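Residue numbers (my numbering), protein chains in the order written: chain U, 1 to 290; chain B, 291 to 558. For every residue, glycine included, the Cβ atom is placed at its ideal position computed from N, Cα and C. These figures come from a predicted structure and were not determined experimentally.
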Amino acid sequence: MKKTQNQKAWFMVLPVLILVAFSAIIPMMTVVNYSVQDTFGNNEFFWVGLEWFEEVLHSERIHDALWRQILFTVIILAIEIPLGIFMALHMPKKNGLWTSICLVVVALPLLIPWNVVGTIWQIFGRIDIGLLGYTLDQLGISYNYTQDTFDAWFTIIIMDVWHWTSLVLLLSYAGLRSIPDAYYQAAKIDQASRWSVFRYIELPKMKGVLIIAILLRFMDSFMIYTEPFVVTGGGPGNATTFLSIDLVKMAIGQFDLGPAAAFSLIYFLVILLVSWVFYTTMVNMDKENE
Amino acid sequence: MIKINKSTFIMILYFVFLLLPIYWLLNMSFKTNQEILSTFSLWPSEFTFDNYIVIFSDPSWYGGYINSITYVVLNTIISLAVAIPAAYAFSRYTFMGDKHLFFWLLTNRMAPPAVFALPFFQLYSSVGLFDTHIAVALAHTLFNVPLAVWILEGFMRGVPKEIDETAYIDGYTFFKFFGKIFMPLIASGIGVAAFFCFMFSWVELLLSRTLTSVDAKSIAATMTRTASASGLDWGVLAAAGVLTIIPGALVIYFVRNHIAKGFALGRV
C-alpha cells in the first residue's frame, strides 16, 4: 500500500514515545551512568571510564555464562523449530470442534506464568513426588536434577521444549493455513510426493513466519530467567546459570552496580545485533514479495 | 466424528506430553501434604479441597491474584490506548524517522528484563511508585507496547486505504471515522493485541517481583517467596499453580479462532 507523507502523524505516535521513553530511556540512562562510575557508598560516585567494561569482557564467570547461554539456545532451537513444524503439519486442516480443542490445548503452556512452569517441572522431576523423576528412578536410571549437571540440563531443556514448542507450532500453523487449496490440488495432479509438497510448497510459504519464530525463540531463550531460577536456581554449582540469572545475582544479590551495568549493556547490544540482522532479513524478504 | 488417523494419533501423543505435567500439578493440588510425601499415587486417594480453602481464606494468597489481575488489566488498557493511534500512524503515513522509530520500539521488546530490573526499582522508588499496581503496569508496557503496535500495525495494513478515503468523502470526521468504521474493522486485531498484552503481563515474574513488596505483590512473587520460606507446602503451592492457569485457559478459549490469524497478520 502506498502511504502518504504526513508529518502530523508524529502526534499519534507521541503517547507511545513518551511512555516508552519513561520506561526505557530513563532506566537505560541509569544503567549507562552506573557502568562508567564506581562508588564507596553514601551516594558518592566517581568516574572510572571503561574499566567495568574491560572487567566484564575478561571475566571468566561471564564467559562461562555466555557459553552456557549459547549452548542452551542452540539446543532448544534445534529441537523446537523442527518439532514445531512437524506438529503443525499434523494439526487438523478443517475448522471444527477438534481444531478448537487442539488450539486450546496447544496454546495452554504459553499462558501459564513462567514461575508456575518452573514449579510444575520442579515437582514433576522430583524423585520422591514427581511422575517423571519417580518413573525414571523406578526404571533404574539415576536421575537427580538438583545434583547432577546433565540431569539439570535435561530437565531445563525438556521444560523449555514443553513450554515453547507451541509457539513455533502456532506460527507454522498460521503459515500453513494461508496456503490456498489450489496449490495442493496442483501438486496432486503432478503426483508430487509428500516430501516435495513440504519442500516446495509448504516450507517456502512458511518462511516468513518461521523467521519470526526463530527470532522470538532466540530472543526469549537468550533472556531466560524465571524457569531455571525456579527449577534449579542456577545450580548445581553454576551449571545452569544463564546470562540473566548471573546478571540478577550480580545486580540485586551482590549489588555490584558497576560491573552489572556494564554487563547489561553488552548483553543488550548482543541481543540487539542479532535481532537487527533478523529484522533486516525480514524486511528485505517483504520487499521481494511485493 | 473424529477419525483416528495418523495425524490425530500424533496430536494425541503431543497432548499427553503437554498435559501430563499439568495433570500432575492438578493431582497434587487435591492431595493432603501427608499423602504427597508418603505415598506415590497417580490420583488422590483422599480427595481434599483443603489446599484451595487455604488459598481462598488467606488474604496473602488471594490478594496476590487480585493484585496480579489489577496490574495486568491496567497494563492492557494503557498499552492499547497508546498503541492504537501509533499503529494507525505507522500503517497509513510516512513521516520523518518512522522506520527508525519502529525499530527502536521493537528493540524494547528485545531488551532482557533482567537489564531493567535494578534501574526500574530505583526509578519507581524515587518517584514514589514502588509497590503500586501502576508501577508494574508501566514497567510491563516496556515490552507490551511495542508488541501491541507491531500486531495492530499488521492488522491495520490489511484494511484498504480506500475505506478511509471513502469515509472522508462521505463527510465523516476523523474521529467519527475512527470510532464508527475503523475500530470495528480491526476488532479482531485489537482482541489479539489485548490477548498478547494480557498474556505477557500475566506470565512475567522478574519485574513484578522486583517492583512490589507487600501491597501490590503479585501471585507469582507470592508463590516463589512461599517456596523459599517455611518448609514447602507442596499441596498449597500446586493449588496456587492450578489457579494461575485458569485465567489464561479462559482467555485463550475466547480468542482461539483468531490466534492463528493473529500470528500470521500480526507477525508476532
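The DSSP-derived three-state label of B:Thr397 is helix. The shortest C-alpha to C-alpha distance from U:Gln7 to any of B:Trp314, B:Ser508, B:Arg382, B:Val545 is the one to B:Arg382.
In the DSSP assignment, U:Trp47 falls within the unbroken beta strand (DSSP E) covering 45-47. Note that the C-beta distance between U:Phe242 and U:Arg68 is below 9 Å. The C-alpha of U:Val161 is placed about 7 Å away from the C-alpha of U:Ile79.
Taking 9 Å as the cut-off between beta carbons, the residues of the stretch 102-124 of chain U near chain B are Cys102, Leu103, Val104, Val105, Val106, Ala107, Leu108, Pro109, Leu110, Leu111, Ile112, Pro113, Trp114, Asn115, Val116, Val117, Gly118, Thr119, Ile120, Trp121, Gln122, Ile123, Phe124, in sequence order. Taking 9 Å as the threshold, the shortest C-beta distance from B:Glu443 to chain U does not fall below it.
The stretch 202-216 of chain U makes no contact with the stretch 123-132 of chain U, as fewer than three CB pairs between them are under 8 Å. Close to U:His90, with beta-carbon spacing below 7 Å, are these residues of chain B in chain order: Ser297, Ile300, Met301. Buried is the label assigned to B:Val526, since at least 16 other Cβ atoms lie within 10 Å of its Cβ.
Under the three-state reduction of DSSP output, B:Thr384 falls in the strand class. The beta carbon of B:Met400 falls within 9 Å of a beta carbon belonging to chain U, placing the residue at that interface. Per DSSP, the beta-bridge partners of U:Asp38 are U:Phe46. By the C-beta density criterion, B:Glu455 is exposed, having fewer than 16 other C-beta atoms within 10 angstroms.
Residue state for U:Thr155 is assigned as helix, using DSSP reduced to three classes. Judged by their CB atoms, U:Thr4 and B:Thr463 are not nearer to each other than the 9 Å cut-off. Residues of chain U whose Cβ lies closer than 8 Å to the Cβ of B:Pro474 do not exist; the shortest such Cβ separation is about 19 Å. For U:Arg194, the enclosing alpha helix (DSSP H) stretches over residues 194-197. Look at U:Gln147 here: in three-state DSSP terms it is coil, with no helix or strand label. Selection U:Ile158, U:Gly258, U:Arg199, U:Ile189 evaluated against U:Glu227 yields U:Ile158 as nearest (Cα-Cα). U:Gln254 has no beta-bridge partner at all, per DSSP.
Residue nearest to B:Gly481 within the set B:Ala539, B:Trp524, B:Val545 is B:Val545 (criterion: CA-CA distance). The distance from the Cβ of B:Ala539 to that of B:Asp421 is about 29 Å, inconsistent with a contact at the 8 Å cut-off.
If you compare the alpha carbons of B:Val449, B:Leu364, B:Ser503, B:Ile459 with that of B:Phe472, the shortest gap goes to B:Val449. Interface with chain U (9 Å Cβ-Cβ cutoff): B:Asp505 is excluded. The beta-carbon of U:Thr155 is placed no less than 9 Å from the nearest beta-carbon of chain B. Of the candidates B:Ile302, B:Pro402, B:Tyr414, B:Ser319, the residue whose Cα lies closest to the Cα of U:Tyr267 is B:Pro402. The residue among B:Met301, B:Asn317, B:Leu391, B:Thr534 with its C-alpha nearest the C-alpha of B:Trp333 is B:Asn317.
A straight-line Cα-Cα distance of about 57 Å links B:His423 and U:Lys188. Excluding five sequence positions before and after B:Phe411, the CB atoms of its chain that fall closer than 8 Å to its own CB belong to Phe420, Thr500, Leu501, given in chain order.
Close to B:Gly538, with beta-carbon spacing below 7 Å, are these residues of chain U in chain order: Leu111, Ile112. If you draw a 10 Å sphere on the C-beta of U:Trp121, you find 16 or more other C-beta atoms in it, and that means buried. For U:Asn238, there are no C-beta contacts with chain B under 8 Å, since the nearest C-beta of that chain is about 16 Å from it. In the assembly as shown, U:Leu139 is an exposed residue. Its beta-carbon has fewer than 16 other beta-carbons within 10 Å. Excluding residues up to 5 positions away in sequence, Val106, Ala107 lie with their Cβ nearer than 7 Å to the Cβ of U:Leu170 in the same chain.
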